[in-house]
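J.: Numbering (our numbering), first residue to last: 15 to 269.
1. Could you give the distance in angstroms between the alpha-carbon of residue 94 and the alpha-carbon of residue 175?
2. Residues in its own chain within less than 7 Å of residue 23 by CB, not counting five upstream and five downstream?
3. Would you say the region 57-74 touches the region 202-213, given that touching needs at least three Cβ pairs under 8 Å?
4. Can you say whether residue 32 is buried or exposed, counting buried as having 16 or more other CB atoms within 10 angstroms of its CB?
5. Please list the terminal residues of the continuous alpha helix (DSSP H) segment that includes residue 74.
6. Kindly provide the ranges of any beta strand (DSSP E) runs that are 3 or more residues long and lie completely inside the region 178-212, ordered along the chain.
7. Going by Cα to Cα distance, which pick from 190, 165 and 189 is closest to residue 181?
8. Who are residue 100's beta bridge partners in DSSP?
9. What is the rounded straight-line gap between the Cα of residue 229 and the Cα of residue 20?
10. Enumerate, from N- to C-terminal direction, the unbroken alpha helix (DSSP H) stretches of 4 or more residues contained entirely within the region 148-174.
11. Would you be able to state if there are at least three C-beta pairs under 8 Å between the region 153-170 and the region 79-90?
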């Protein structure tokens, strides 16, 4: 859209922020990413900004009334609270005429940002315990009736297609032909690689809850930087591209 007035700029910011917030929401609700973005997770999405490196996609399904669902909701709530608090604090400082660098160097603001970080970490740990991030957590298909044995199923949908069967999340079919826990701490459906890591793509595989929190951190901080860059183009808020270095030719001797 062409920005020719203050109202045009306001509409542009609303549109941009909505797409970035939708991207963040889809990142945090990993098992609902396609539902939130309208299937496409790249620049062709009409709802979300490009999520980044999203392959392989986490298994897409509703987590139901489970501890894993409580964990996912806790991640989303803590992540958004962190993003909004950080953006608000830096924005308020820059509205006073300070540059982003000066704001980040302010001791008072540093304490507020550190408090937001600690709060986010604690809330996610409180809701998720020791769950490990996994793109496709294990499940066990349990039959109905008095036996309640486990049977092979290619997917959760295949399992419940048979009347009486139920899906047991975080379990596998054990030697006794019953659904057994595989990880006492449990799992949380998450990205096999943080979508933000696009150079290279894919990036490292998160294996702990702290790795997941790091992905949430970096994604939120990137969105804040993007927003502030648009709002304060002359305030040092825009990331500086690394200069392209031209290799110096190696002198050769003439025989």
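In this text, a Cβ means the ideal position worked out from N, Cα and C, and glycines have one as well.
T.: By the coordinates alone:
1. In the chain shown, residue 94 corresponds to position 80, counting from 1. In the chain shown, residue 175 corresponds to position 161, counting from 1. Residue 94 and residue 175: Cα-Cα distance of roughly 36 Å.
2. Position 9 of the chain shown holds residue 23. Hits under 7 Å: 17.
3. As far as the Cβ criterion goes, the region 57-74 touches the region 202-213, which means the pair count is three or higher.
4. Position 18 of the chain shown holds residue 32. Exposed, by the Cβ-count rule.
5. As a position in the chain shown, residue 74 is number 60, starting the count at 1. Taken as a continuous stretch (DSSP letters only), residue 74 belongs to no alpha helix (DSSP H), as it is neither H nor E.
6. Considered as a whole, the region 178-212 harbours 180-183, 185-187, 193-195 and 201-203 as its complete beta strand (DSSP E) runs of no fewer than 3 residues, in chain order.
7. Working through the chain shown from its first residue, we reach residue 181 at position 167. Looking at 190, 165 and 189, the one whose alpha-carbon comes closest to that of residue 181 is 165.
8. If you number the chain shown from 1, residue 100 lands on position 86. Residue pairing by DSSP places residue 100 opposite no residue, since no beta bridge is assigned to it.
9. In the chain shown, the residue the question calls residue 229 occupies position 215. In the chain shown, the residue the question calls residue 20 occupies position 6. Near 35 Å, if we compare the C-alpha coordinates of residue 20 and residue 229.
10. If you keep only unbroken alpha helix (DSSP H) runs of at least 4 residues inside the region 148-174, you get 170-174.
11. Counting C-beta pairs with one atom in each stretch, the region 79-90 and the region 153-170 have fewer than three that are closer than 8 Å, which means they do not touch.
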